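Going line by line, the protein sequences match chains A and B.
Each residue of the first sequence is one higher than the one before, counting from 217 in the numbering used here.
Each residue of the second sequence is one higher than the one before, counting from 217 in the numbering used here.
Using N, Cα and C, we set each Cβ at its ideal position, and we do this for glycine too.
Here the structure is a predicted model, which is why all the values come from computation and not from measurement.
Protein chains: 2
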Amino acid sequence: MGPTAETCAELLQPLRALLGLKQVALQKRLEAENVPYAASGLLTELVHRGECRASDLAHHRVVDASVVSRQVGQLESAGLISRRPDPADKRVSLLRATTDGERAVSALEARKAEWIGEALRDWDDAEVHELARLLDSAMRDIRRHTIQDGDCDPVNREGNR
Amino acid sequence: MGPTAETCAELLQPLRALLGLKQVALQKRLEAENVPYAASGLLTELVHRGECRASDLAHHRVVDASVVSRQVGQLESAGLISRRPDPADKRVSLLRATTDGERAVSALEARKAEWIGEALRDWDDAEVHELARLLDSAMRDIRRHTIQDGDCDPVNREGNR
DNA sequence: AATAAGTTGCGTGCTACAACCAAACGGCGA
DNA sequence: TCGCCGTTTGGTTGTAGCACGCAACTTATT
């Protein structure tokens with residue numbers, strides 16, 4: 217038997233606060249140079265994921281393929297990623313971060329880690345580690361539970377309002 | 217003296233995944249009836265916060281006052297919140313969720329908790345509780361460190377913990 | 001044929017910034 | 001003390017830009 221509904225409800229408030237972090241990140245200019253915020257996120261994803269196709273990124277970020285297509289265009293114009301035709305399928309291009317792109321992501325993550333480190337300077341290292349472990353685990357479970365049976369549900373997607 | 221940079225970096229990936237939850241929430245229609253997603257978040261904030269002014273909400277959500285103004289308009293049109301002139305200052309109107317608004321938030325949070333509960337059905341209740349505790353604590357510290365938070369809650373009802 | 005990857009046109013939602021109004025505040029001089 | 005005027009603050013509206021979804025299309029795969 218899983219956790220009680222009350223315990224799950226305890227998660228809601230910090231989760232809500234967490235989603236609000238996007239605003240803080242925007243305010244702190246936590247994005248790569250020359251590319252908008254969303255594209256920076258895509259670039260980070262690509263660096264951690266390694267060479268892959270655009271549709272993989274779209275699926276993973278739960279956005280439409282057109283969104284990824286445009287952001288890929290921005291990143292390519294900025295010289296942060298490169299495309300390579302897939303030898304096995306001429307429709308797809310394989311995306312990979314350039315050296316500049318990897319450098320930008322490293323710098324960005326360093327700034328983020330520093331920011332968090334300052335905010336949590338009173339924490340025990342083991343506690344932060346434990347939080348990271350639990351959070352990572354929870355996100356994997358939530359993603360797995362949500363993406364698979366929520367994804368093939370075309371009735372569900374009538375415009376974003 | 218605080219967590220190491222490496223440990224903080226461990227947080228980055230789950231945090232990134234967490235921000236992506238917004239997309240999942242949009243697809244699952246995790247919003248109140250008749251109001252867009254962002255306004256639903258504002259309504260939830262208002263319910264937990266109790267009666268307050270628009271500028272308080274703007275500050276805590278780290279958005280411009282104009283954004284709150286428009287979302288308040290949406291929520292008022294939907295009958296989910298009500299305004300009351302502040303007797304002490306004729307410029308401000310005090311905002312409060314209506315009974316309908318509170319009902320909508322309750323229903324929304326129940327759906328969210330159910331969703332999370334299903335995703336974490338293999339978890340131990342104590343572990344979820346521990347995650348909630350750590351996450352809540354971390355968010356408070358990050359917020360406090362990032363925003364100068366003169367957290368003056370004049371009418372703090374309902375200690376959401 | 002039917003399906004899939006990617007692109008482009010178009011409409012909408014969310015947001016910030018600037019300009020604006022009205023109320024409140026703060027002297028400062030008579 | 002009173003009254004006036006400049007400044008500050010809460011809130012609204014206009015404008016612009018980014019992010020996103022959907023539809024339609026092209027090209028390649030099956």
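**Expected contact under 8 angstroms - CB spacing of D352/A and Q229/B to nearest Å** = Here residue 352/A is taken as the residue at index 136 of the first sequence, counted from 1. Here residue 229/B is taken as the residue at index 13 of the second sequence, counted from 1. Indeed they touch by this definition, with Cβ atoms about 7 angstroms apart.
**Message:** Is there a C-beta anywhere in chain A that falls below 7 angstroms from the one on D305/B?
**Reply:** Counting from 1 along the second sequence, the entry for residue 305/B is found at position 89. D305/B does not count as touching chain A.
**Request:** Taking C-beta pairs closer than 9 angstroms, name the residues in chain B that A221/A reaches, listed in chain order.
**Result:** Translated into positions along the first sequence, residue 221/A becomes position 5. Those within 9 angstroms of A221/A in chain B are A326, A329, E330 and G333.
**Item:** Opening and closing residue of the alpha helix (DSSP H) in which A323/A lies
**Value:** Position 107 of the first sequence, counted from the first residue, corresponds to residue 323/A. First-last of the alpha helix (DSSP H) with A323/A: T315 to A335.
**Item:** For G236/B and R356/B, the rounded distance between their alpha carbons
**Value:** Stepping through the second sequence from its first residue, residue 356/B is reached at position 140. Stepping through the second sequence from its first residue, residue 236/B is reached at position 20. Roughly 21 angstroms separates the two Cα atoms.
**Item:** Whole runs of the beta strand (DSSP E) within the segment 231-312 of chain A, excluding any shorter than 3 residues
**Value:** 297-301
**Request:** Show which residues of chain B have a CB atom less than 8 angstroms away from the CB atom of R232/A.
**Result:** In the first sequence, residue 232/A corresponds to position 16, counting from 1. What R232/A touches in chain B: G257, T260 and E261.
**Reduced DSSP secondary structure (H/G/I, E/B, other) of M217/B** = Within the second sequence, the letter at position 1 stands for residue 217/B. Note: M217/B maps to coil in three-state DSSP.
**Asked** So, L310/B versus E267/B, is the Cβ gap smaller than 7 angstroms?
**Response** To locate residue 310/B, count along the second sequence from 1; it is residue 94. To locate residue 267/B, count along the second sequence from 1; it is residue 51. In contact: L310/B and E267/B (Cβ atoms closer than 7 angstroms).
**Message:** Using a Cβ-Cβ distance cut-off of 7 angstroms, determine whether G218/A contacts chain B.
**Reply:** In the first sequence, counting from the first residue as 1, residue 218/A sits at position 2. Yes, G218/A counts as interfacial toward chain B.
**Request:** Inspect the beta-carbon positions of T315/A and L296/A and report whether they are closer than 7 angstroms.
**Result:** One-based indexing of the first sequence puts residue 315/A at position 99. One-based indexing of the first sequence puts residue 296/A at position 80. It is not a contact, given that the beta carbons lie outside the stated cut-off.
**Asked** With distances taken from CA atoms, which of T223/B, E325/B and K306/B is nearest V263/B?
**Response** As a position in the second sequence, residue 263/B is number 47, starting the count at 1. Minimum Cα distance to V263/B is reached at E325/B.
**Request:** Evaluate A335/A with the Cβ neighbour count: other Cβ atoms within 10 Å of its Cβ, from every protein chain shown; 16 or more gives buried, anything less gives exposed.
**Result:** Start at 1 with the first residue of the first sequence, and residue 335/A comes out as number 119. Its Cβ being crowded by 16 or more others within 10 Å, A335/A is buried.
**Asked** Just the Cα atoms here: how many angstroms apart are E222/A and R286/A?
**Response** As a working note, residue 222/A is residue 6 in the first sequence. As a working note, residue 286/A is residue 70 in the first sequence. Cα-Cα distance, rounded: 42 angstroms.
**Request:** Tell me whether A354/A sits in a helix, a strand or coil according to DSSP, three-state version.
**Result:** Sequence index remark: in the first sequence, residue 354/A carries index 138 (1-based). Residue state, collapsed to three classes: helix.
**Item:** Supposed contact pair R300/A and R319/A - C-beta distance, whole angstroms, cut 8 angstroms
**Value:** Here residue 319/A refers to the residue found at position 103 of the first sequence. Here residue 300/A refers to the residue found at position 84 of the first sequence. Not really, about 20 angstroms apart at Cβ, beyond 8 angstroms.
**Request:** Indicate the three-state DSSP secondary structure (helix, strand or coil) for D340/B in the structure shown.
**Result:** The count along the second sequence starts at 1 and reaches residue 340/B at position 124. It is coil, neither helix nor strand.
**Request:** Determine the closest residue to R277/B out of A294/B, S293/B, S256/B and E292/B, with distance taken between C-alpha atoms.
**Result:** Within the second sequence, residue 277/B is the residue found at index 61, counting from 1. Cα-wise, what sits closest to R277/B is S256/B.
**Message:** Less than 6 angstroms separating the Cβ of A270/B from some heavy atom of the ligand ZN?
**Reply:** Questions concerning the ligand ZN fall outside what the structure shown contains, since it holds no ligand whatsoever.
**Prompt:** Does any CB atom of chain A fall closer than 7 angstroms to the CB of I358/B?
**Reply:** Here the question's residue 358/B lines up with position 142 in the second sequence. Chain A contact via Cβ: present.
**For I363/B, three-class secondary structure by DSSP** = By 1-based counting over the second sequence, the position of residue 363/B is 147. If DSSP states are grouped into helix, strand and coil, I363/B belongs with coil.
**Asked** Where I332/A and P303/A are concerned, what is the direct C-alpha to C-alpha distance, given to the nearest angstrom?
**Response** As a first step, residue 332/A must be located in the first sequence, where it is residue number 116. As a first step, residue 303/A must be located in the first sequence, where it is residue number 87. So the two alpha carbons sit approximately 42 angstroms from each other.
**Request:** Rank A254/B, E330/B, E247/B and R327/B by C-alpha distance to the C-alpha of V283/B and give the top, closest one.
**Result:** Taking the second sequence and counting its residues from 1, one reaches residue 283/B at position 67. Among A254/B, E330/B, E247/B and R327/B, the Cα nearest to that of V283/B belongs to A254/B.
**Request:** May I have the straight-line CA-CA distance separating E292/B from S298/B, to the nearest angstrom?
**Result:** As a working mapping, residue 292/B is identified with position 76 in the second sequence. As a working mapping, residue 298/B is identified with position 82 in the second sequence. Going from the Cα of E292/B to the Cα of S298/B covers about 6 angstroms.
**Asked** Is R337/A close to chain B, meaning its C-beta is less than 7 angstroms from at least one C-beta of that chain?
**Response** As a position in the first sequence, residue 337/A is number 121, starting the count at 1. Output row for R337/A: interface = yes.
**Request:** If I'm right that Q239/B touches V279/A with Cβ under 8 angstroms, what's the distance once you round it to whole angstroms?
**Result:** In the second sequence, counting from the first residue as 1, residue 239/B sits at position 23. In the first sequence, counting from the first residue as 1, residue 279/A sits at position 63. Correct: roughly 6 angstroms between the Cβ atoms.
**Prompt:** Residues in its own chain within less than 8 angstroms of L242/B by CB, not counting five upstream and five downstream?
**Reply:** Residue 242/B sits at position 26 when you count from the first residue of the second sequence. Y253.
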